[in-house]
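K.L.:
In this note's numbering, the protein residues as written are 3 to 222. Using N, Cα and C, we set each Cβ at its ideal position, and we do this for glycine too.
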Amino acid sequence: EGDLTMAPTCAPSKNLNSGFPHFANAKELYAHLREITKPGGELVVRNFVGVIEDISVEASLVETELFPREALEFYTKKNMGWEYSQDEYDKWFVPERGGRQGDYREGMQEKIANVIDCLRNEPLSKRAVIPIPFTVEGSMTADWKDQGQNKCCRELHLYLEDGKLKCTAIVRMQNANIFVKNIHFFATLLNDVALALGVELGEYTHWITNLCHDRTATSC
């Protein structure tokens with residue numbers, strides 16, 4: 003773990019996310035996403051940006067009928083690259099909770115180690131990124147018909163600002179009812195990085211290009 007007594011070096015900055023809607027926690031943002039996509043079906047809300055003030059793991063565990071606590075914890079284990087049991091997989095993995103486009107496990111621990119190394123050695127860096135390529139080989143080719151090559155989250159950008167670890171997520175596609183799975187995973191990832199760096203967590207910015215109510219929308 004990092005040394006909590008040492009304040010990180012931060013670049014002077016002006017964060018324009020102050021102009022976007024702010025939410026106290028993930029539960030508030032989840033309710034808002036459900037509300038603005040309520041008509042459902044093919045309705046798409048484009049270029050939504052919301053800021054969560056408290057991105058702690060505790061505040062980012064939002065249970066729903068589709069995602070009880072144990073399901074959230076299973077998917078977070080899976081996406082973090084942690085071990086999980088076959089029993090957990092059999093009990094909680096269903097297509098309604100997201101398909102291959104929401105599977106980020108491949109190389110995740112190496113990516114997390116990279117951003118920790120980046121911000122620990124160069125706290126002014128703008129390169130602390132968790133990339134989500136189309137395929138393991140990279141993004142040189144893509145097939146829009148293949149779920150696994152069209153990941154919902156594209157990148158997580160981590161940075162040190164105001165003495166805290168902050169993050170902006172770039173999301174290609176967000177189904178409102180699956181948001182709770184995503185945010186629990188992101189919060190867990192950010193908490194691990196913050197602990198390793200010995201800094202507090204700051205706000206989290208969620209940038210969505212395509213926002214739909216659920217997975218009934220075409221090619222989500």
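Helix, strand or coil for G4? Go by DSSP, reduced to three states.
P.N.:
Its pLDDT being 47, under 50, G4 is placed unreliably in this model, and the value from its coordinates should be taken loosely. The answer is coil: DSSP assigns G4 none of H, G, I, E or B.
K.L.:
Tell me whether the beta-carbon of K80 lies closer than 8 Å to the beta-carbon of R107.
P.N.:
Result yes, Cβ atoms of K80 and R107 sit closer than 8 Å.
K.L.:
Cβ atoms of T66 and L213: under 8 Å apart, would you say?
P.N.:
Not closer than 8 Å, so no.
K.L.:
In the DSSP assignment, find the beta strand (DSSP E) that holds F50 and state where it starts and stops.
P.N.:
Note, F50: beta strand (DSSP E), 47-54.
K.L.:
Tell me which residue opens and which closes the alpha helix (DSSP H) that Y32 is part of.
P.N.:
Its alpha helix (DSSP H) spans residues 28-38.
K.L.:
Starting from the Cα of I180, find the closest Cα among D194, L63, I54 and give me that residue.
P.N.:
That would be L63, whose Cα lies nearest to the Cα of I180.
K.L.:
Sorry if obvious, but does the Cβ on V195 come closer than 7 Å to a heavy atom of the ligand GDP?
P.N.:
For the structure depicted, the ligand GDP is absent and the ligand set is empty, with no information on it obtainable.
K.L.:
Could you spell out the range, first to last residue, of the alpha helix (DSSP H) harbouring L192?
P.N.:
Element bounds for L192: 181-199.
K.L.:
Among all the DSSP beta bridges, which residues are the ones paired with W209?
P.N.:
Looking at the DSSP assignment, W209 forms a beta bridge with V51, I172.
K.L.:
Determine contact between the region 162-169 and the region 199-208, defined as no fewer than three beta-carbon pairs at a distance below 8 Å.
P.N.:
Segments in contact, yes.
K.L.:
Could you check the C-alpha separation between L68 and P14 for me, to the nearest Å?
P.N.:
Each residue's Cα considered, the two are about 42 Å apart.
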